[in-house]
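To get the numbering used here, take the position in the sequence shown, counting from 1, and add 1098. Note that CB positions come from ideal geometry on N, CA and C, so glycine has one too. Please read the structure below before turning to the comments.
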Amino acid sequence: FRIVLIHHPPVPGPGGERKALRDRAGLRAMLAREGAELVLHGHHHITLHREIPGPHGPIAVIGVPSASALPERGDHHEPATWHLHSIEAEAGFWRLTTSSRRLDPRCGAFIDGERLGRRIARPGPAQ
């Protein structure tokens, strides 16, 4: 299971082109050719679930809000959030489950957020 960690996302986002990954097209071309099962990124400080083309099917692209975002400061769209990614092997597939925990400003504690699951094709041995 190959995970790519980058700061700027390989997809367009709310920051506009001025703050976008400069070589986004090159990175996406390399991922489309070589593959990966998951791309994790930050930068936008919002939850983002997208897909980009890969050689064996779509590659999941997941962004997360800042772990230090405080809603009362007014400088972030979402309160502090973190993700837990669980990966399990299935016959011919990977099962990726992403569980989020987010800061609830009403109680000042982290609470369960959304839980998303997806099946990702497992490529066979390299030829």
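Start and end residues, beta strand (DSSP E) containing GLY1215: Here the question's residue 1215 lines up with position 117 in the sequence shown. Counting along the chain, GLY1215 sits inside the beta strand (DSSP E) bounded by residues 1207–1219.
Going by beta carbon distance, what residues of the same chain come within less than 7 Å of HIS1154, once the five residues before and after it are set aside? Start at 1 with the first residue of the sequence shown, and residue 1154 comes out as number 56. These residues qualify, in order along the chain: GLY1133, ALA1219 and PRO1221.
For the alpha helix (DSSP H) containing GLU1132, name the first residue and the last one. As a first step, residue 1132 must be located in the sequence shown, where it is residue number 34. Element bounds for GLU1132: 1122–1132.
Suppose the cutoff is 6 Å on Cβ atoms and the five residues either side in sequence are ignored; what does the same chain contact list for HIS1106 look like? Here residue 1106 corresponds to residue number 8 of the sequence shown, with the count starting at 1. So the list reads LEU1119 and HIS1141, once near-sequence residues are dropped.
Top-ranked residue by Cα proximity to PRO1151, from THR1145, ALA1123 and GLU1186: Start at 1 with the first residue of the sequence shown, and residue 1151 comes out as number 53. When each option's Cα is compared against that of PRO1151, the closest is ALA1123.
For ARG1200, which three-state DSSP category applies? In the sequence shown, the residue the question calls residue 1200 occupies position 102. Correct three-state label for ARG1200: strand.
Would you say SER1197 and ALA1178 are within 8 Å of each other, going by their C-beta atoms? Taking the sequence shown and counting its residues from 1, the one referred to as residue 1197 is at position 99. Taking the sequence shown and counting its residues from 1, the one referred to as residue 1178 is at position 80. Inclusion of SER1197 and ALA1178 in the CB contact set at 8 Å is not warranted, their separation being larger than that value.
Does ARG1148 come out as helix, strand or coil in the three-state DSSP assignment? The residue labelled residue 1148 in the question sits at position 50 within the sequence shown. DSSP places ARG1148 in strand when its eight states are reduced to three.
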